[in-house]
Amino acid sequence: MPADIKGLGDLPQQEKERLRQTGLEEDMTKRAGSYFQINQEVIQAGSQAEGIEVLPISEALEKYDELKEYYWKAVPKEKDKYTAYVARQKEPRGVFIRAREGAKTVLPLQACLYLAAERVQHVHNIIIAEKGAEVHLISGCASATHNVAGAHIGVTEFYVGEGAKITSTMIHSWGAKISVFPRSAAFIEKGGTFLSNYVCLQPVKKIEMYPTAFLRGEGAMARFSSIVMALPASTFDIGSRAILGEKGSSAELITRAITRGGNVISRGHVVGASDGTKGHIECRGLILGDGLIHAIPEIEGKVMGTELSHEAAVGKIAREEIEYLMARGLTEEESTATIIRGFLDVKIQGLPDVLQKQIDAAIDAAEKGF
Amino acid sequence: MLEIEDLHVEVGNKEILHDINLRIEKGETHVLMGPNGSGKSTLLMAIMGFSGPRVTKGLIVFKGKDITDMPVNERAKMGIGIMFQRPPTIAGLKLGKLLNVVKRGNDQTIEDYAKSLNMEALLNRDINRGFSGGEIKRSEVLQLIVQKPDFMLLDEPESGVDLENMALMGRSIAHLLEKDRHLVHREKGGLIITHTGYILDYLDADGGHVLIDGEIRCHGNPREILKVVKRSGYRECLKCPQI
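For the record, the sequence lines run as chains D and G.
Our numbering numbers the first residue of the first sequence as 1 and each following residue consecutively.
Our numbering numbers the first residue of the second sequence as 371 and each following residue consecutively.
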C-alpha cells in the first residue's frame with residue numbers, strides 16, 4: 001500500500017465511493033472517532049470524543065495490562081481454525097474501543113477494514129462500554145474494486161457494562177472472490193443493551209458467522225438484525241445466538257434474506273435459561289432466483305419462566321401484491337422492486353437516526369438490482 | 371366508456387361468469403348486485419385484468435380499445451382504477467410512499483389529500499397492516515383520489531365502515547365520480563358492487579344489474595332493484611329481467 005495514504009480521503013475516487021456505500025464518512029466532523037486498516041496496515045486510529053478511546057489493538061495491549069481480562073474472553077481462542085489462526089498471529093491487528101464509565105457519543109465511531117491485495121486480512125477487535133456508557137459503531141468492510149481473491153477473518157469481542165449500550169452496524173461490500181469469517185460474541189451485563197445490525201447486499205463468495213450474545217445480567221437485552229441478498233455464486237451461512245442467562249433478559253433475532261440465485265442458511269438459536277426471559281426469532285426469506293434459503297431457528301427453553309417463539313416464512317412475492325401496485329399504475333418491475341424494498345425495510349428500535357439512514361442508503365444502493 | 375361483450379371467465383378451470391354483456395357510458399355510474407358467490411368480484415377483477423380470473427371468450431372494451439389481454443398497469447394508465455375489498459398488506463411499504471409514487475408529478479401534497487379523509491396518521495404505516503375495516507376503505511379511496519382514474523371499480527365500498535365514516539366515504543366517492551358536477555359535464559364513471567345499497571344514499575346510480583350464478587339476470591333502476599331484493603330476495607329478479 002502506498003505510504004501516502006493517511007486516511008479515507010487519500011483513496012482513489014472509485015474506492016472511496018465503494019466505502020461510502022458501507023456507511024463510512026470521509027468527513028470526520030460527522031464521526032466521533034475512526035479506525036482504518038488496509039490489508040494488515042493500520043492507516044488511522046483516533047477519537048475526538050471525551051472518555052472514548054480508539055487505538056490499534058497492538059498499542060492497547062502494550063498500554064493496558066487489564067486488557068487481558070477481555071482478550072479472548074467472550075470468543076474462545078480455540079473455537080475453530082479461524083480463531084486459532086487469528087490467535088497465532090505475532091502482530092495482532094484490529095481496533096480497541098473503550099468508552100469509560102458514563103461516556104456517550106452522539107456521533108458514531110467508524111471502523112473501516114479494507115482488503116486491497118490478494119491475501120488474508122485478520123483483525124481482532126475489542127469494544128468495551130463501561131457502566132452507563134454508550135457507543136455506536138459503524139464498520140464498513142470492503143474489498144478493492146479490482147477483483148482480488150482473499151479472506152477476511154475478524155474476531156470481535158463486545159463488552160456491554162451495567163446499564164451500558166453498544167450498537168454495532170456492519171455493512172459489507174466484498175467482491176465475488178472474497179470469503180469472510182467474522183467470529184464475534186458479546187457479554188451483556190445488568191440492564192445493558194446490545195444491538196447488532198448486519199447488511200450485505202453485494203456479491204461475496206462466502207460469509208460464515210454465528211455471533212453469540214451472552215446475557216449475563218438482569219434485564220439485559222440483545223437484538224440482532226440481518227439483511228442479506230445472495231447473488232448467484234454467493235453463500236451466506238449466517239446466524240445469531242442469544243443465551244438468556246439472567247432474570248428478565250431478552251433477545252430478538254431478525255433476518256430478512258433474499259436469494260437471486262445464491263444460497264442463504266439462516267440460523268438462530270435462543271436459550272432461555274432463566275426466569276422472566278423472552279426470546280424471539282423471526283426469519284423472512286424471498287426467493288427471487290433459483291437459489292436456496294434454509295431457515296434453521298432453534299429455541300431452547302430450560303426453565304418454566306421463559307417465553308420463546310419463532311416465526312419463519314420463505315417464498316416468492318405474492319402475485320396479489322404485485323398486481324395491487326400494478327392497479328395503481330406501477331409497472332410489474334416497479335411493483336416488484338417496491339415490494340422488495342419494503343421487505344428489506346427493517347426499522348431498528350434504539351438505533352440512532354444517522355445509522356438507520358446508512359442502512360437505508362445501503363438498501364437504496366442495491367435497489368436498482370432488484 | 372366500458373363495453374363488455376359475451377364475456378366468459380374461468381377461475382381455476384371452473385367457469386364463473388357466463389356470457390356477460392354490459393355497457394356503461396361516459397359519465398355513468400352503475401351498481402352491481404347479487405347474492406354472495408355469484409361472481410361480482412370476479413367480474414371486477416377481470417375488468418382490471420388480474421391474473422386470478424381467466425377470460426376464455428368475449429371482449430372487454432374501454433374507451434373504444436380492446437383491453438381484454440392488456441396488463442393491469444396499462445389498464446390503470448388508460449384510466450381504470452379499483453377499490454379493493456380486501457387488499458393485501460405489503461410489509462415495509464408506507465401508505466404515504468405509495469401515494470407519492472402514484473401521484474406522479476401532481477402538485478398537491480399527499481398530506482392535503484390525506485387530511486380530507488382523516489388519514490394523516492396512517493401515511494406512515496405499512497399499507498393495510500393492522501388497518502381497521504374502515505381504514506382500509508378510506509385508504510383505498512385516498513389512493514383513488516390521488517390516482518384520478520376516469521373509471522372506477524368499487525368493491526363493496528360500505529362494508530366495515532362505521533356510520534360516521536360512511537358519510538365521509540360516500541361524499542368522497544360521489545366526488546370521485548363527479549356526482550357534484552352537472553350531468554352534461556360529468557366524464558367519470560364507475561361500477562359499484564353493493565349489498566346494502568347504502569352508497570346510494572350519497573350518489574345516484576344511472577343503472578343497476580343483478581348477477582346470479584355468473585349471469586346478469588336483470589337490468590334496471592338500481593333503487594327499484596334494491597327495493598325488490600329487500601322485499602322478496604334475489605329469486606324475484608329471476609322472474610323479471612327488467613325492473
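Even for Gly, the Cβ is constructed at its ideal location relative to N, Cα and C.
Around the CB of Val442 of chain G, 16 or more other CB atoms lie within 10 Å, so the residue is classed as buried. For Gly419 of chain G, the closest C-alpha among the options D:Glu26, D:Met326 and D:Lys316 is that of D:Met326.
Exclusion of the five residues before and after Ala213 of chain D leaves Ala185, Ala186, Ile188, Phe194, Ser196, Ala222, Phe224, Ser240, Arg241, Ala242, Ile243 and Ala251 as the residues of its chain whose Cβ lies within less than 8 angstroms of its Cβ. Annotation for Pro297 of chain D: Gly268, Ile281, Cys283, His310 and Ala312 place their beta carbon closer than 7 angstroms to its own, counting only its chain and skipping 5 residues before and after. At a cut-off of 8 angstroms between C-beta atoms, Thr255 of chain D does not count as an interface residue with respect to chain G. Note on geometry: alpha-carbon atoms of Pro519 of chain G and Met440 of chain G lie some 17 angstroms from one another.
In this structure, Tyr324 of chain D places its C-beta atom within 8 angstroms of the C-beta atom of Phe454 of chain G. Here Ala337 of chain D is not near Ile293 of chain D, since their CB atoms are 8 angstroms or more apart. Residues of chain D with a Cβ closer than 7 angstroms to the Cβ of Val472 of chain G are, in chain order, Arg328 and Gly329. With respect to the 8 angstroms criterion, Asp345 of chain D and Gly462 of chain G are classified as neighbours on the basis of their beta carbons. Cys610 of chain G carries a coil assignment under DSSP once its states are collapsed to helix, strand and coil. The C-beta of Met418 of chain G comes closer than 8 angstroms to at least one C-beta of chain D. When rounded, the separation of the alpha-carbon atoms in Arg20 of chain D and Leu514 of chain G is 40 angstroms. By the criterion of a C-beta distance shorter than 8 angstroms, Asp290 of chain D is surrounded in its chain by Gly261, once the five residues flanking it on both sides are discounted.
Rounded to the nearest angstrom, the gap between the Cα atoms of Asp360 of chain D and Gln14 of chain D is 21 angstroms. In the structure shown, the three-state DSSP call for Glu510 of chain G is helix. According to DSSP, Pro519 of chain G shares a beta bridge with no other residue. Under the DSSP assignment, Met415 of chain G falls in the alpha helix (DSSP H) whose first and last residues are Lys410 to Met418. In the three-state reduction of the DSSP assignment, Asp496 of chain G falls in the strand class, which pools E and B. Using beta-carbon distances, Ile243 of chain D does not count as an interface residue toward chain G, since no partner is under 8 angstroms. Under the three-state reduction of DSSP, Arg474 of chain G is assigned to coil, being neither helix nor strand. DSSP, read as helix, strand or coil, puts Val554 of chain G in helix.
Taking a 10 Å sphere around the C-beta of Asp65 of chain D, we find fewer than 16 other C-beta atoms and assign the residue as exposed.
Identification of chain G residues near Ala295 of chain D by a Cβ-Cβ cut-off of 9 angstroms yields none; the smallest Cβ-Cβ distance measures about 17 angstroms. Here DSSP, grouped into helix, strand and coil, assigns Tyr483 of chain G to helix. In the three-state DSSP reduction, His152 of chain D falls in the strand class (E or B). Cβ-Cβ separation between Met448 of chain G and Ile430 of chain G: approximately 11 angstroms, too far for a contact (criterion under 8 angstroms). Taking all protein chains in view, the Cβ of Ser408 of chain G is crowded by 16 or more other Cβ atoms within 10 Å, so the residue is classified as buried. Within the same chain, Cβ atoms closer than 8 angstroms to the Cβ of Ser411 of chain G are found at Gln455, Asp525 and Ile563, the five residues on either side in sequence being excluded. A Cβ of chain G is located within less than 8 angstroms of the beta carbon of Ile339 of chain D. For Glu385 of chain G, same chain residues with a beta-carbon under 8 angstroms away, outside a window of 5 residues either side, are His378, Val379, Thr426 and Gly584 in chain order. Burial of Val75 of chain D is indicated by the presence of at least 16 other C-beta atoms within 10 angstroms of its C-beta. One alpha carbon belongs to Val472 of chain G, the other to Val86 of chain D, and they sit about 53 angstroms apart.
Counting only residues of its own chain and dropping the five nearest sequence neighbours on each side, Gly428 of chain G has a CB closer than 6 angstroms to the CB of Glu375, Asp376, Leu377 and His378.
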